[in-house]
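Numbers 1 to 447, taken from this note's numbering, label the letters of the sequence shown in order.
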Amino acid sequence: MDLLEGKMDGTPSPEYISTGVQRIAELARQAPGMAFTTLAHHIDIELLTNAFKRTRRDAAAGIDGQTADEYAVDLEANLRQLEGSFKTGRYKAPPVRRVHIPKGDGRTRRPIGIPTIEDKVLQRAVTMVLEPIYEQDFLPCSYGFRPGKSAHQALQALWEGLMTMGGGWVLEVDIKSFFDTLDHGHLRSFLDRRVRDGVIRRMIDKWLKAGVLEEGSITYPESGTPQGGVISPLLANIYLHEVLDMWFEREVKPRLRGAAFLIRFADDFAIGFSLESDARRVFEVLPKRFERYGLQLHPEKTRLVPFGRPRGGTRPGTFDLLGFTHYWKLSRKGNWVIARKTAKGRLARALHRITQWCKTNRHVPVKDQHKALVRKLTGHFAYYGITGNYLSLNRLRTGVIRAWHTWLQRRSQKARLTWDRYNRLLKRYPLPSARVVHSIYRHAANP
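Below, the structure is given as structure tokens:
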């Protein structure tokens, strides 16, 4: 078998699911309360090879400086050594390299962690073994970082839920620094309910305790999930499945007088209510529930929004989720519908990043600049291109056209790039037009 054969985009593929992993899923489905005590033996050369195939080859290197291509030069030997050190307990989780990237305002920066390539592979392999177990437990309201689930499905479910209720009230929630404050003790107790394999649990503990390298010094956080780790989204889902999803489904909803639903994507979530009284009750108790498990809600970003269908000149509020602002508007037929547009901060962030790229790469050949800008715009449209968001998409495209002109013009102080010349250049190197990729009407026609 060619060890480098297969997909490299990090998405799961059915052909990589081994018989052993399928068996894990069947057992987990048949016995919802069973804790698995023997799982580590499933992490063999075949699974590690598939884990490597799902790891991005172009990602930045960790603290050891080793790239995926360098690791692949002697891949089989490297993976056999990794398998041995993992199963014997000799593997030591290396610190992650912390870097900072700009936030949407362009002024502040947020930290992200970069593990080593070998650590990514092992985290991916452990995730591939644990995921089939928890996929039997997770509720339909959870959409983040799960096989067959997507942000667009979450947005569609939110739209359908609110349209069915005719609006109502929306609890927009922001968990303060969730991935940094997740409590290790509570996480371990949640894991105990399903996973008690000693080798895997010790490995997870090593990742939780692994340090963070920044500016030459290593710190050891006492809370949070592995910075930038492949396993972090799964651990986050396990945590919030217990803290939020199950609590809302089993304890909250049965006590409400009206309809309510939860939509969660990782640590981003919103709750819709048909009745104000229900919304206010949950709004009051939710911070106490989260504090019990070491989490805090952001006081300024967590709010209760009146979101009923407009009547008699009333103007309902708006709320943000998954990069979109949700609001009511009149359709062409004169009916009130829920529309979505790119959130102001997300639009500003996208334009700022592309503008900075144009500035940094202005001396790169125009042909290569064009290829990169096409990729950036196409990628943006692939996510934000939903029904009703055309104006925001076109606003970004217009901003990119202006930014590209600005920085192409500064390539030389001698020859000015007039708009006439620039328009001729755009005919030769056209930028993609704004387009709707995800249509609610197509979805309705093809359920």
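In this text, a Cβ means the ideal position worked out from N, Cα and C, and glycines have one as well.
(message) Just to confirm before moving on: does the CB-CB distance between Val173 and Val96 stay below 8 Å?
(response) As a first step, residue 173 is located in the sequence shown; it is residue number 173 there, counting from the start. As a first step, residue 96 is located in the sequence shown; it is residue number 96 there, counting from the start. Not a contact, by the Cβ cut-off of 8 Å.
(message) Using only the alpha-carbon positions, how far apart do Gly6 and Lys53 sit?
(response) Here residue 6 is taken as the residue at index 6 of the sequence shown, counted from 1. Here residue 53 is taken as the residue at index 53 of the sequence shown, counted from 1. Reliability of the predicted coordinates at Gly6 is poor, the pLDDT of 32 falling under 50, and no value is obtained from them.
(request) Taking all protein chains shown into account, decide if Val132 is buried (16 or more other Cβ within 10 angstroms of its Cβ) or exposed. (result) Looking up residue 132 in the sequence shown gives position 132. Reading the sequence as shown, one finds Pro at residue 132 and not Val. Under this definition Pro132 is a buried residue.
(request) Write down the C-beta distance between Ile112 and Gly258 rounded to the nearest angstrom, noting that I regard them as a contact closer than 8 Å. (result) As a first step, residue 112 must be located in the sequence shown, where it is residue number 112. As a first step, residue 258 must be located in the sequence shown, where it is residue number 258. The pair is not a contact, with the Cβ atoms about 41 Å apart (cut-off 8 Å).
(request) For Ile200, decide whether its Cβ has a neighbour in chain C, counting only Cβ atoms nearer than 8 Å. (result) Of the chains in the structure shown, none is chain C; there is only one protein chain.
(message) Using 8 Å for Cβ pairs, my map puts Thr314 next to Thr325. What's the rounded Cβ distance?
(response) As a working note, residue 314 is residue 314 in the sequence shown. As a working note, residue 325 is residue 325 in the sequence shown. Thr314 to Thr325, Cβ: 19 Å. No contact.
(request) Give the single residue among Gln296, Asp320, Tyr239 whose Cα lies nearest to the Cα of Phe307. (result) By one-based count along the sequence shown, residue 307 stands at place 307. Ranking the options by Cα distance to Phe307, first place goes to Asp320.
(request) Please check the pair Trp328 and Arg346, which I expect to be a contact at CB under 8 Å, by giving their CB distance rounded to whole angstroms. (result) For the purposes of this step, residue 328 is identified with residue 328 of the sequence shown, where counting begins at 1. For the purposes of this step, residue 346 is identified with residue 346 of the sequence shown, where counting begins at 1. Going by Cβ atoms, the distance from Trp328 to Arg346 rounds to 20 Å, so no, they are not a contact pair.
(message) Output needed for Ser232: all residues of its chain with C-beta closer than 6 Å, excluding positions within five of it in sequence on either side, in chain order.
(response) The count along the sequence shown starts at 1 and reaches residue 232 at position 232. These residues qualify, in order along the chain: Thr225, Pro226.
(message) Could you tell me the alpha carbon to alpha carbon distance between Phe265 and Ala154, rounded to whole angstroms?
(response) Along the sequence shown, read from residue 1 onward, the residue named residue 265 stands at position 265. Along the sequence shown, read from residue 1 onward, the residue named residue 154 stands at position 154. If you take the alpha carbons of Phe265 and Ala154, they lie about 7 Å apart.
(message) For a minimum of 4 consecutive residues, which ranges assigned as the alpha helix (DSSP H) are wholly contained in the region 46-74?
(response) 68-72
(message) If distances are taken between C-alpha atoms only, which option among Leu396, Leu139, Glu242, Gly272 comes closest to Lys344?
(response) For the purposes of this step, residue 344 is taken as the residue at position 344 of the sequence shown. Here the closest residue by C-alpha is Leu396.
(message) Along the chain, where does the alpha helix (DSSP H) containing His186 start, and where does it finish?
(response) Walking along the sequence shown from the start, residue 186 turns up at place 186. From DSSP, the alpha helix (DSSP H) with His186 extends over 184-192.
(message) I'd like to know if the region 178-196 and the region 360-371 are in contact, where contact means that at least 3 CB-CB pairs between them fall below 8 Å.
(response) no
(request) Could you check which residue in Gly388, Thr164, Ile218, Tyr422 has the C-alpha nearest to that of Ile401? (result) Mapped onto the sequence shown, residue 401 falls at position 401. The option with the nearest alpha carbon to Ile401 is Tyr422.
(request) Note down the Cα distance separating His152 from Arg146, rounded to an integer number of angstroms. (result) As a first step, residue 152 is located in the sequence shown; it is residue number 152 there, counting from the start. As a first step, residue 146 is located in the sequence shown; it is residue number 146 there, counting from the start. Straight-line Cα distance between these residues: approximately 13 Å.
(request) Output the distance between the C-alpha atoms of Pro447 and Phe179, rounded to the nearest integer angstrom. (result) Translated into positions along the sequence shown, residue 447 becomes position 447. Translated into positions along the sequence shown, residue 179 becomes position 179. Since pLDDT at Pro447 reaches only 46, below the 50 mark, its modelled position is unreliable, and the value read off the structure follows with that caveat. If I take the Cα positions, the gap works out to 35 Å.
(message) Less than 8 Å between the C-beta atoms of Leu373 and Trp404, yes or no?
(response) Here the question's residue 373 lines up with position 373 in the sequence shown. Here the question's residue 404 lines up with position 404 in the sequence shown. Yes; because the gap between Cβ atoms is below 8 Å, this pair is in contact.
(message) Alpha carbons only, please: which of Pro316, Lys371, Glu249, Arg353 is nearest the one belonging to Pro430?
(response) Translated into positions along the sequence shown, residue 430 becomes position 430. Pro430 has its Cα closest to that of Lys371, out of Pro316, Lys371, Glu249, Arg353.
(request) Tell me whether the beta-carbon of Leu393 lies closer than 8 Å to the beta-carbon of Gly399. (result) Counting from one through the sequence shown, the residue named residue 393 turns up at place 393. Counting from one through the sequence shown, the residue named residue 399 turns up at place 399. Contact flag unset, no.
(message) DSSP three-state label for Asp197, please.
(response) By 1-based counting over the sequence shown, the position of residue 197 is 197. Coil.
(request) Put Gly471 into one of helix, strand or coil per three-state DSSP. (result) No answer is possible for residue 471: it lies beyond the span of the chain, which begins at 1 and ends at 447.
(request) For the beta strand (DSSP E) holding Asp137, just list the boundary residues, first then last. (result) In the sequence shown, the residue the question calls residue 137 occupies position 137. Secondary structure note for Asp137: it is in no beta strand (DSSP E), with a DSSP letter that is neither H nor E.
(message) Quick check on the DSSP output: the alpha helix (DSSP H) that includes Glu160 runs from which residue to which?
(response) For this step, residue 160 is matched to residue 160 along the sequence shown. 151-165 is the span of the alpha helix (DSSP H), which, as asked, contains Glu160.
(request) Mind listing, in chain order, the continuous alpha helix (DSSP H) runs of no fewer than 4 residues lying wholly within the region 331-418? (result) 344-360, 366-384, 390-409
(message) Considering only DSSP beta bridges, list what Val96 is partnered with.
(response) Within the sequence shown, numbered from 1, the residue matching residue 96 stands at position 96. DSSP, once it has assigned bridges, lists Val212 as partnering Val96.
(request) In the DSSP assignment, find the unbroken alpha helix (DSSP H) run with Ser439 in it and report its ends. (result) What you label residue 439 is simply residue 439 of the sequence shown in a count that begins at 1. Where Ser439 is concerned, there is no enclosing alpha helix (DSSP H), given that its DSSP letter is neither H nor E.
(request) Could you name the residues that DSSP lists as bridge partners for Ile117? (result) Within the sequence shown, the letter at position 117 stands for residue 117. Partner(s): none; Ile117 has no beta bridge.
(message) With distance defined between alpha-carbon atoms, name the residue in Arg29, Tyr383, Gly33, Phe273 nearest to Trp169.
(response) By one-based count along the sequence shown, residue 169 stands at place 169. Per the Cα distances, Phe273.
(request) Return the Cβ separation of Ala40 and Val199 in integer angstroms, given the expectation that the two are a contact with Cβ distance under 8 Å. (result) As a first step, residue 40 is located in the sequence shown; it is residue number 40 there, counting from the start. As a first step, residue 199 is located in the sequence shown; it is residue number 199 there, counting from the start. Indeed they touch by this definition, with Cβ atoms about 4 Å apart.
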